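Right, one structure below, let's go through it.
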Amino acid sequence: MASVERFKYSNRVVIKSILGRPDGGLGLAGERVVVGGWVKLFKEKPNKDASQAPAPAVVSVAHDLTCSEVLMLRMPLLRNLARIFGKGVSSTPPPLPPPKQPEIADKTPVEPVPSVAFLLVNDGSCVANLQVVVDSNMVLLVQVMAIGVSILVEGVLEQQSEPGKHLVELKAEKILHVGVVDSKNYPLAKAKISLESIRPSPHLRVRTTTVASITRMRSDVSHATHKFFQNMGFIYVHMPIITTTGFKDHSRMFQVTTLFKRTDDKGELSTVSNRENISLEVVKGAIREKSKRVDELKRSDSNKEVLLAALGDLQKANELALQLEEQWRSAYVAKMDFTKDFFSCEAYLSVSARLHLESYACGLSSVYTVGPVFQANDSPSKKQLAEMWMVEVELAFAELEDIMNCAEEFLKFLCQSILDDCLDDLKFLSKKVDKSCITRLQSLVSSAFARISYTEALEHLKKATDKTFKTKVEWGINLSDEHERFLVDEIYKQPIIVYDYPKELKPFYVHVKDDGKTVSAFDIIAPKGGVLVRGSRKEERLDMITARIQELGLPKEQYDWYLDLRRHGTVKHSGFSLAIEDLIMFAVGLEDINDAIPFPRTCGYINA
Numbered sequence: 003m004a005s006v007e008r009f010k011y012s013n014r015v016v017i018k019s020i021l022g023r024p025d026g027g028l029g030l031a032g033e034r035v036v037v038g039g040w041v042k043l044f045k046e047k048p049n050k051d052a053s054q055a056p057a058p059a060v061v062s063v064a065h066d067l068t069c070s071e072v073l074m075l076r077m078p079l080l081r082n083l084a085r086i087f088g089k090g091v092s093s094t095p096p097p098l099p100p101p102k103q104p105e106i107a108d109k110t111p112v113e114p115v116p117s118v119a120f121l122l123v124n125d126g127s128c129v130a131n132l133q134v135v136v137d138s139n140m141v142l143l144v145q146v147m148a149i150g151v152s153i154l155v156e157g158v159l160e161q162q163s164e165p166g167k168h169l170v171e172l173k174a175e176k177i178l179h180v181g182v183v184d185s186k187n188y189p190l191a192k193a194k195i196s197l198e199s200i201r202p203s204p205h206l207r208v209r210t211t212t213v214a215s216i217t218r219m220r221s222d223v224s225h226a227t228h229k230f231f232q233n234m235g236f237i238y239v240h241m242p243i244i245t246t247t248g249f250k251d252h253s254r255m256f257q258v259t260t261l262f263k264r265t266d267d268k269g270e271l272s273t274v275s276n277r278e279n280i281s282l283e284v285v286k287g288a289i290r291e292k293s294k295r296v297d298e299l300k301r302s303d304s305n306k307e308v309l310l311a312a313l314g315d316l317q318k319a320n321e322l323a324l325q326l327e328e329q330w331r332s333a334y335v336a337k338m339d340f341t342k343d344f345f346s347c348e349a350y351l352s353v354s355a356r357l358h359l360e361s362y363a364c365g366l367s368s369v370y371t372v373g374p375v376f377q378a379n380d381s382p383s384k385k386q387l388a389e390m391w392m393v394e395v396e397l398a399f400a401e402l403e404d405i406m407n408c409a410e411e412f413l414k415f416l417c418q419s420i421l422d423d424c425l426d427d428l429k430f431l432s433k434k435v436d437k438s439c440i441t442r443l444q445s446l447v448s449s450a451f452a453r454i455s456y457t458e459a460l461e462h463l464k465k466a467t468d469k470t471f472k473t474k475v476e477w478g479i480n481l482s483d484e485h486e487r488f489l490v491d492e493i494y495k496q497p498i499i500v501y502d503y504p505k506e507l508k509p510f511y512v513h514v515k516d517d518g519k520t521v522s523a524f525d526i527i528a529p530k531g532g533v534l535v536r537g538s539r540k541e542e543r544l545d546m547i548t549a550r551i552q553e554l555g556l557p558k559e560q561y562d563w564y565l566d567l568r569r570h571g572t573v574k575h576s577g578f579s580l581a582i583e584d585l586i587m588f589a590v591g592l593e594d595i596n597d598a599i600p601f602p603r604t605c606g607y608i609n610a
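Residue numbers (the numbering used here): 3 to 610.
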């Protein structure tokens with residue numbers, strides 16, 4: 003008989019090691035195991051073998067029982083109905099009231115009908131739930147029959163007594179632990195719940211099957227990332243998240259400072275006009291309300307003109323907020339003496355590790371890193387977060403075509419890994435989120451990515467005379483979401499790589515081509531997912547990159563260390579980045595990026 007595999011660091015058995023076997027766990031029937039997890043669903047039935055069970059203890063009642071209370075004690079079905087309609091028994095039994103004086107307590111024995119609880123328990127290791135059968139003579143069943151209750155139970159695996167999804171169940175013999183829940187205040191108490199409704203509870207939502215599946219996929223992507231690059235001989239390096247290097251006109255950055263703790267000569271915190279600060283808060287409050295209004299209009303399929311007006315109003319409010327924030331920051335920063343700050347200079351949370359990663363590529367040749375990046379972007383969007391996790395790669399001695407090949411193979415490897423390792427999760431998510439998620443991943447893996455220049459992309463868009471785009475198609479525009487969707491969904495019907503962008507659209511460090519107008523940059527765009535990978539060949543020529551820094555008005559002293567890479571042993575090198583959240587949205591078919599990360603941070607919202 004097959005032996006069950008126990009988790010190395012506790013005495014329990016992981017549910018996946020039972021239900022994930024080719025035989026569905028049937029070969030483990032008769033094995034004694036300890037299983038722990040959280041109750042997902044439950045039901046109660048009368049115990050057919052009550053005559054063989056130990057006689058239940060006599061209940062001594064110190065107060066008069068109503069007719070309904072007697073019926074619920076004797077009939078489990080009525081307890082279930084009462085619980086459904088809000089008059090059931092709570093997770094913990096209420097205290098008995100004091101005996102009425104001078105009445106003598108009624109000692110009439112009341113024998114509740116023996117019953118059995120069938121609990122679907124999940125420990126997070128897989129989609130499948132293990133059915134645990136608990137007899138009423140072991141524990142007060144109302145304590146374990148609630149969604150979210152944690153339970154650690156010892157018993158014997160048996161062939162399932164009734165037809166169901168799985169072949170085996172656990173017949174409980176000993177309850178080792180019960181963690182009760184307050185069902186009235188537990189946000190996941192309902193059996194069916196939407197992703198939107200549980201976003202305010204990021205610390206608990208992983209207990210839902212949907213979020214658990216997404217989290218397991220994130221884990222697989224991280225593991226596959228290391229597997230791919232380690233097999234290819236890359237070296238994993240840790241990059242800083244605090245930096246002095248900014249990206250003007252490229253991203254908004256969080257400033258790191260301890261000066262807010264300092265006081266001025268009068269012993270008061272140095273501030274700018276309270277009126278300006280209050281005005282900014284008022285505008286931000288209005289933005290939140292306008293965003294809610296736009297979401298409501300989208301959900302209600304309202305008149306298109308009304309929706310467009312609301313969107314325009316929201317855009318104006320955002321523009322005003324940006325102006326006020328810039329005024330506030332400029333006035334405040336002007337009063338701050340950063341020589342007295344922790345780092346003795348201005349410091350920021352990094353929006354990318356790419357510049358620092360270059361320095362290690364120019365010594366180790368092929369490197370990668372995985373870590374958080376931060377963007378203080380306060381524009382409301384379902385595709386942007388203040389904190390995201392980024393895979394970033396850099397190769398020395400690599401041309402643009404080399405890095406495009408690497409990025410394409412890496413993206414396909416990740417998607418194939420999800421298909422191989424998370425198929426059960428994908429099958430579940432295809433029913434709950436997007437029925438086409440599996441075929442979409444399979445299509446990406448099997449496709450040869452079409453490669454087109456930015457100029458060719460514009461030509462395709464201009465030829466679409468029967469399609470009206472919000473943004474006029476002309477040289478120098480940033481390809482919008484609708485442009486990208488049209489290219490991958492209508493023209494190519496497969497992932498594409500767009501390369502050779504106008505230099506004005508890309509950062510200063512990207513290699514300028516001989517025409518002086520375009521740069522060696524590329525984006526991988528996929529159906530449903532938009533841009534999944536951004537990459538470029540870096541500018542290795544000292545004179546060219548110095549000219550770009552001056553052209554954009556960037557402070558040269560801030561990049562002096564970076565220019566050293568060109569002064570000493572310069573080499574052609576290229577790299578790319580992939581946001582894990584973007585890949586998860588693509589793979590699952592999620593509409594909101596807040597559902598693709600464990601603890602989302604966005605403008606105006608942070609919880610836990």
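Just so you know, even glycine gets a beta-carbon here, dropped at the ideal spot from N, CA and C.
The structure presented is a predicted model; accordingly, all values stated were derived computationally and were not measured.
Residue i versus residue j: straight-line alpha-carbon distance, rounded
| i | j | result |
| --- | --- | --- |
| residue 15 | residue 21 | 11 Å |
| residue 606 | residue 326 | 16 Å |
| residue 583 | residue 169 | 36 Å |
| residue 555 | residue 219 | 42 Å |
| residue 482 | residue 473 | 8 Å |
| residue 138 | residue 229 | 49 Å |
| residue 564 | residue 225 | 31 Å |
| residue 531 | residue 520 | 26 Å |
| residue 418 | residue 447 | 6 Å |
| residue 516 | residue 573 | 18 Å |
| residue 163 | residue 31 | 12 Å |
| residue 73 | residue 115 | Any reading at residue 73 must be qualified, since the residue scores a pLDDT of 49, below 50, and its modelled position is unreliable; no value is offered. |
| residue 66 | residue 121 | Confidence is the limiting factor: at residue 66 the pLDDT is only 43, short of 50, which leaves the residue's position unreliable and the question unanswerable from this model. |
| residue 134 | residue 595 | 35 Å |
| residue 342 | residue 261 | 8 Å |
| residue 453 | residue 534 | 15 Å |
When the options are compared against residue i, the one with the closest alpha-carbon
| i | options | result |
| --- | --- | --- |
| residue 490 | 463, 358, 183 | 463 |
| residue 498 | 445, 539, 554 | 445 |
| residue 569 | 594, 589, 558, 542 | 542 |
| residue 5 | 158, 142, 117 | 158 |
| residue 450 | 174, 526, 351 | 526 |
| residue 153 | 204, 141, 502 | 141 |
| residue 176 | 35, 144, 352, 513 | 35 |
| residue 42 | 130, 8, 24, 573 | 130 |
| residue 256 | 375, 178, 191 | 375 |
| residue 352 | 402, 384, 366, 390 | 390 |
| residue 575 | 366, 119, 315, 149 | 366 |
| residue 316 | 511, 210, 292, 506 | 292 |
| residue 46 | 384, 9, 393, 117 | 117 |
| residue 488 | 466, 507, 479 | 466 |
| residue 40 | 10, 123, 19 | 123 |
| residue 604 | 536, 380, 580, 509 | 380 |
| residue 505 | 518, 156, 493 | 518 |
Three-state class that DSSP yields for residue i in the structure shown
| i | result |
| --- | --- |
| residue 358 | helix |
| residue 415 | helix |
| residue 157 | strand |
| residue 234 | coil |
| residue 124 | strand |
| residue 682 | The question about residue 682 has no answer, for the chain in this structure spans 3 to 610. |
| residue 515 | coil |
| residue 468 | coil |
| residue 292 | helix |
| residue 208 | helix |
| residue 496 | coil |
| residue 563 | helix |
| residue 611 | Shown here, the chain extends from 3 to 610; a query on residue 611 therefore has no answer. |
Burial state of residue i, where buried means 16 or more other Cβ atoms lie within 10 Å
| i | result |
| --- | --- |
| residue 602 | buried |
| residue 202 | exposed |
| residue 238 | exposed |
| residue 144 | buried |
| residue 612 | In the structure as shown, the chain starts at 3 and stops at 610, and residue 612 therefore has no counterpart that could be examined. |
| residue 588 | buried |
| residue 298 | exposed |
heavy atom of the ligand GTP below 7 Å from residue i C-beta
| i | result |
| --- | --- |
| residue 372 | Annotation note on the ligand GTP: not contained in the displayed structure, which lists no ligands. |
Residue-level contact to chain B via CB, residue i, 8 Å cutoff
| i | result |
| --- | --- |
| residue 445 | Although the question refers to chain B, the structure presented lacks it and comprises just one protein chain. |
**OP:** List in chain order: all unbroken beta strand (DSSP E) runs of 3+ residues lying wholly within the segment 528-552.
**Re:** 532-539
Subject >> Complete beta strand (DSSP E) runs within the segment 353-399 (minimum length 3 residues, chain order) >> reply: 368-376, 389-398
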